[in-house]
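Participant: FYI, the numbering for the sequence shown is 1 to 355, going by my numbering.
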Amino acid sequence: MRALVKKERSPGLWLEEVPRPVPGEFDVLIRVLRASICGTDVHIYEWDAWAQKTIPTPMVIGHEFVGVIEAVGRFVHDFQPGMIVTGEGHVVCGRCRNCLAGRRHLCNQTSGVGVNRPGAFAEYLTIPETNVWLADPKIPLEILSCFDPLGNAVHTALSFDVLGEDVLITGAGPIGLMAVPIVRHAGARYVVITDVNPYRLELARKLGVTVALDARTGSLHEVMSRLGMKEGFDVGLEMSGDAGALNGMLAVMCHGGKLALLGIQSKKAAIDWDLVVFNGLTIKGIYGREMYETWYKMTALIQSGLDIAPVITHHFPFDAYEEAFELMRSGQSGKIILHWEDGPLPPGAAGLKSE
1 MRALVKKERS PGLWLEEVPR PVPGEFDVLI RVLRASICGT DVHIYEWDAW
51 AQKTIPTPMV IGHEFVGVIE AVGRFVHDFQ PGMIVTGEGH VVCGRCRNCL
101 AGRRHLCNQT SGVGVNRPGA FAEYLTIPET NVWLADPKIP LEILSCFDPL
151 GNAVHTALSF DVLGEDVLIT GAGPIGLMAV PIVRHAGARY VVITDVNPYR
201 LELARKLGVT VALDARTGSL HEVMSRLGMK EGFDVGLEMS GDAGALNGML
251 AVMCHGGKLA LLGIQSKKAA IDWDLVVFNG LTIKGIYGRE MYETWYKMTA
301 LIQSGLDIAP VITHHFPFDA YEEAFELMRS GQSGKIILHW EDGPLPPGAA
351 GLKSE
């Protein structure tokens, strides 16, 4: 089969012929229809310090996908060939304290699809039955291919009650952008997002944000004054991984405010701990998706009208991956979808109306 492979320990990806995976007794073989590019994939493409210490080579990468079941292992009973599915990219041990307590997203022996086990930028993928999510076929394939990052956004955005609250989001990458309609859907009052990328700030406006602020030229205090906010933001969602953005967020939180951090800060990042302690702030780190409560929530959100389609801006055939990655690296895109399907879509599969 054809797959995008991190073949060498250097920048780039290679389109290769590799053996088609064979499902184990408890595994599901999925024919990939569409897969979306994640920031993690860009790190692997660029072969940065994180990738160099994390990714074994050769490795088929990619972990955001939707597909149709081709075959199942002999002990798999809940899935059948022909079903449209997506899947959780974190494969857990199932036996540690957190896994046994139902906190599988906190398993300390997690392996990652497309990181340290073969991934979804391929014509076929195998994952354990416990990682397969049966999709609602009425949901467009493009949206289903983004369920992994949508899950990150849902997990982060709904970590705290946002009903009637004022929410600040720092970082307008695809996950930060998805958080805008999520907190709107959940009843937030004002939603403000900051970034330094005009293209993505404009996407945020299309998604219904109250204010999209260029952090280079605008002031959060001025925004608060304009909106009549006197005590600060109730909930902060840090999506950028930028220390300046995090410190700026801390400075405008109300006393007793709550922060969820998905962006990965530098190990040398420093914050003003006086603001945390004396203002009674709560900080929660976010990793992945809650298995599988987040998956239920994001499915229900989409079914009840949540619209993340504006985040998806570009489509490419898989063999045009170089152009797709170049665009993703430029910052002049939202979510980019690679099409892997060969021939007609399976019965019942939905696409976006724009196609």
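Using N, Cα and C, we set each Cβ at its ideal position, and we do this for glycine too.
Could you give the first and the last residue of the continuous alpha helix (DSSP H) run that contains residue 253?
Facilitator: That residue, residue 253, is in no alpha helix (DSSP H); its beta strand (DSSP E) goes 253-261.
Participant: Classify residue 217: buried if its beta carbon has 16 or more other beta carbons within 10 angstroms, exposed otherwise.
Facilitator: Label assigned to residue 217: exposed.
Participant: What does the Cβ neighbour count give for residue 123, buried or exposed, with the cut at 16 atoms within 10 Å?
Facilitator: So residue 123 counts as buried.
Participant: By DSSP's criteria, residue 128 is part of a beta bridge. Which residues make up the other side?
Facilitator: Bridge partners of residue 128: 27.
Participant: Please tell me whether residue 111 and residue 77 are closer than 9 Å, where the distance is taken between their beta carbons.
Facilitator: Result no, Cβ atoms of residue 111 and residue 77 do not sit closer than 9 Å.
Participant: Shortest alpha-carbon distance to residue 167 belongs to which of 214, 147 and 238?
Facilitator: Residue 167 has its Cα closest to that of 238, out of 214, 147 and 238.
Participant: For my contact list, residue 135 and residue 338 are in at a C-beta cut-off of 8 Å; report their separation, rounded to the angstrom.
Facilitator: 18 Å between Cβ atoms; not a contact.
Participant: Give me, in chain order, the residues of the same chain whose beta-carbon lies closer than 6 Å to that of residue 176; leave out the 5 immediate sequence neighbours on both sides.
Facilitator: 169 and 239, listed in sequence order.
Participant: Output the distance between the C-alpha atoms of residue 141 and residue 67, rounded to the nearest integer angstrom.
Facilitator: About 8 Å.
Participant: In the DSSP assignment, what residue or residues form a beta bridge with residue 237?
Facilitator: Partner(s): 169 and 260.
Participant: So the candidates are 206, 61, 268 and 248; which of them puts its Cα closest to the Cα of residue 313?
Facilitator: Minimum Cα distance to residue 313 is reached at 206.
Participant: Going along the chain, which residues of its own chain have a beta-carbon closer than 8 Å to the beta-carbon of residue 190, five neighbours each way excluded?
Facilitator: Excluding positions up to five away in sequence, the list reads 166, 167, 210, 211, 227 and 229.
Participant: Is the stretch 267-287 in contact with the stretch 240-258, if contact means three or more CB pairs nearer than 8 Å?
Facilitator: With a cut-off of 8 Å, the stretch 240-258 and the stretch 267-287 count as touching, because enough Cβ pairs lie within range.
Participant: Taking the runs of the alpha helix (DSSP H) that are 4 residues or longer, which of them lie wholly in the stretch 180-242?
Facilitator: Correct list: 198-206 and 220-227.
Participant: With a threshold of 6 Å on Cβ separation, who are the neighbours of residue 50 within its own chain once the five nearest residues in sequence on each side are excluded?
Facilitator: Here the set comprises 43.
Participant: Ignore the nearest five residues each way along the sequence and tell me which others in residue 14's own chain have a CB closer than 6 Å to its CB.
Facilitator: For residue 14, where only same-chain residues beyond five positions count, the Cβ hits under 6 Å are 5 and 7.
Participant: Is the Cβ-Cβ distance between residue 241 and residue 249 less than 9 Å?
Facilitator: No; because the gap between Cβ atoms is not below 9 Å, this pair is not in contact.
Participant: Which whole runs of the beta strand (DSSP E) in the stretch 300-337 are 3 residues long or more, in chain order?
Facilitator: Segments of the beta strand (DSSP E) lying fully in the stretch 300-337: 312-317.
Participant: Out of 25, 310 and 261, which one is the CA nearest neighbour of residue 203?
Facilitator: Minimum Cα distance to residue 203 is reached at 310.
Participant: Please determine, among 233, 224, 231 and 268, the residue with the shortest C-alpha to C-alpha distance to residue 244.
Facilitator: For residue 244, the nearest C-alpha among the options comes from 268.
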